[in-house]
Each structure stands twice: as C-alpha cells, then as structure tokens.
C-alpha cells in the first residue's frame, strides 16, 4: 500500500510539473530560417506566387506523395490561392494553406490550418535583393493556445520544424538556381 501511495504522489507531481511548465511557457511561437539564392528577386518570386508553386519545393510534399490528396481552390497565383491536403501519414495529416498577402518580388504570407487546431498559424516568405542574389527568409508564427501540452510542444517547435524549413529553403534554392 505504501508503494502505491508513493507511485500516486510521483504521478501527481509529474502532472503538476507538466502543467506548471506548460502554463509558464509562451503561448506564441516563432521560427525563422534564411538562405541566399543566386538569383534575382523576380526569379525567386516566380516559385512563391502560387500555392502549386510553393508545394513544388515544400519539404512535406515528398513525405507521402502517393497517399496525400491535394485540393486546389481559388486563383492560380496571388491572394486567395489555396491548397488543402489529407493524408493518413502522421507527419502530413490534414490541413490547408492559403495565400493572404502577396507583394510582388518581396513577400508572400500564408495562413495555415492544421487538423486538430482551430486557430490559424502563419508563414511569411520574404525576399531581399542583394545585387544578383536574394536573401530569402521563411518564418512561422503560431499560437499554441492555453493547453499546457500545446505550449510545451511550442518550446520544441524550433527543433521540430526548423530542419524542415532548412530543407525547404534548400529545395527552393536548387529549383530557382537550376532554371
């Protein structure tokens, strides 16, 4: 009986620590990665201005290429261009991405919804010309809500999402520079 009491106390203490750490963790998460591409801002923007173009270098499109169903809506390029996806692969899941702002040769902002989350996240891709090169920066902004587990996940967002952003930027660089 004494061992059971100790086990219950330890479990309650662990849950309490998780709740406290989660409640003290930031609600908002941000991530940023950059790369220099040996091409003009116009050439880079060509690969960003429509959802289908974004998907062509996305690090996630190759995870489940046969099992992911894509649906495209709205205009081919610019604001309103939208893609939804469905996959049973746990690293892909379901969601949607829609261009909400597009400034020619400078910036594309998308609104993202992921299955299981009611609040949107946002991604920005900005282009800064630098002579014959372009610095491309990809950011992620999300609200992890009030759930302590979600907030703890937010603490790990950089290590979870950062490598995918780096891979995507490398894919974009290869794609743009090969043209």
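In my numbering, the protein residues as written are 14 to 192. Note that CB positions come from ideal geometry on N, CA and C, so glycine has one too. The model shown is predicted, which means the values in this text are computed figures rather than measured ones.
Our two residues, residue 143 and residue 162, have alpha carbons roughly 42 Å apart in a direct line.
In this structure, the beta-carbon distance from residue 64 to residue 102 does not fall below 8 Å.
When the Cα atoms are used, residue 111 and residue 33 turn out to be separated by approximately 35 Å. When secondary structure is reduced to three states using DSSP, residue 78 falls in the coil class, being assigned neither helix nor strand. Taking residue 56 as the centre and dropping the five residues before and after it, the same chain places the C-beta of 189 closer than 6 Å to its C-beta, in chain order. In the structure shown, the three-state DSSP call for residue 145 is coil. For residue 95, there is no enclosing alpha helix (DSSP H); the residue is part of the beta strand (DSSP E) that begins and ends at 95-99.
The DSSP-derived three-state label of residue 70 is helix.
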